[in-house]
Amino acid sequence: EDKVVQSPLSLVVHEGDTVTLNCSYEVTNFRSLLWYKQEKKAPTFLFMLTSSGIEKKSGRLSSILDKKELFSILNITATQTGDSAVYLCAVGRYRGSTLGRLYFGRGTQLTVWP
Amino acid sequence: DTGVSQNPRHKITKRGQNVTFRCDPISEHNRLYWYRQTLGQGPEFLTYFQNEAQLEKSRLLSDRFSAERPKGSFSTLEIQRTEQGDSAMYLCASSQKSDLGNTIYFGEGSWLTVV
């Protein structure tokens, strides 16, 4: 059965801390792994990873994929209160030559205290 | 606004009534997805379309649920004879098929409460 597991489910830190969110997966016909940020509304796209070992960065956020060990991490450095959200990991399968349905984890609820 | 648009944003209905949600994807996107999300859970896949063709449908989608995309543009999701367990946020997403990889973008969601 295809599944995506995120850990921890909940994390509370203070502003300025660095956090690492984990995502492991077992999905047949893997194509890509995506990270989303959700703040009480629709998920907003952060990263899409398709190749192992290549880090993607956007400001204080970065992510990397390990296709051999079937996991990804999302790092957030110098956290701010605006980073408080649920971070969702999703894995997409091939459908023909492109991305089909996404399998989501339950998310990590990150709370950043001032 | 050129993002994915959903309406209504909120719907309260009595058990047994039918409800319909509409999704307008990003204009150049030919793939359209429906997901359902309940509190504390990640989105669950319901179905998706490429143009007007429904390519995949989840086993979660009972015969009370039907989705259409008649002209390959907007889509509707209808739930017949609603039950309290249908209360959730219904998310629509769209993507563009391309060799560069196609990220899926979500709309704001339609909240359904069945009382």
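Chains C and X, in that order, give the protein sequences. Under my numbering, read the first sequence as residues 932 to 1045, first letter to last. Under my numbering, read the second sequence as residues 2 to 116, first letter to last. The beta carbon of each residue, even a glycine, is placed where N, CA and C say it ideally should be.
Which of the residues in the segment 968–992 of chain C, read from start to end, lie with their CB under 7 Å from any CB of chain X?
Hits within the stretch, in order: K972, A973, P974, F976, M979, T981.
Distance, C/S963 Cα to X/D100 Cα
Any reading at X/D100 must be qualified, since the residue scores a pLDDT of 48, below 50, and its modelled position is unreliable; no value is offered.
Which same chain residues, not among the five before or five after C/L1001, have their C-beta less than 7 Å away from its C-beta?
S955, Y956, E957.
Verify whether the separation of the beta carbon atoms of C/R1032 and X/F46 is less than 9 Å.
yes
List the endpoints of the continuous beta strand (DSSP E) containing C/N1006.
1002–1007
For C/S938, the nearest candidate out of C/D997, C/T951, C/H945 (CA to CA):
C/T951
Does any residue of chain A bring its CB to less than 9 Å from the CB of X/P9?
Reference to chain A is not applicable here, since the protein chains of this structure are C and X.
X/D100, DSSP secondary structure in three states:
A caution first: X/D100 carries a pLDDT of 48, below 50, which makes its placement in the model unreliable, though a value can still be read off. Here X/D100 sits in coil by DSSP.
Expressed to the nearest angstrom, what Euclidean distance is found between the alpha-carbon atoms of C/L942 and C/Y967?
16 Å
For X/Q51, is the classification buried or exposed, using 16 other Cβ atoms within 10 angstroms of its Cβ as the cut-off for buried?
So X/Q51 counts as buried.
In chain X, what lies closer than 8 Å to C/G1031 by C-beta?
Y49, L56, E57
What ranges does the beta strand (DSSP E) occupy inside the segment 954–988 of chain C, keeping only unbroken runs of at least 3 residues that lie completely in it?
961–969, 975–980
May I ask you to check if the CB of C/G1036 is nearer than 8 Å to at least one heavy atom of the ligand SAM?
Only the bare structure without any ligand can be found here, which leaves the ligand SAM out of the picture.
C/S982 to X/G110, Cα distance in whole Å?
31 Å
Could you confirm whether any beta carbon from chain C is found closer than 9 Å to the beta carbon of X/E109?
So, interface residue.
Using the Cβ count rule (16 or more neighbours within 10 Å means buried), how would you classify X/P44?
buried
Does the count of Cβ pairs from the segment 1011–1023 of chain C and the segment 66–81 of chain X closer than 8 Å reach three?
no
Within 10 Å of its beta-carbon, does X/Y106 have 16 or more other beta-carbons around it, so buried, or fewer, so exposed?
buried
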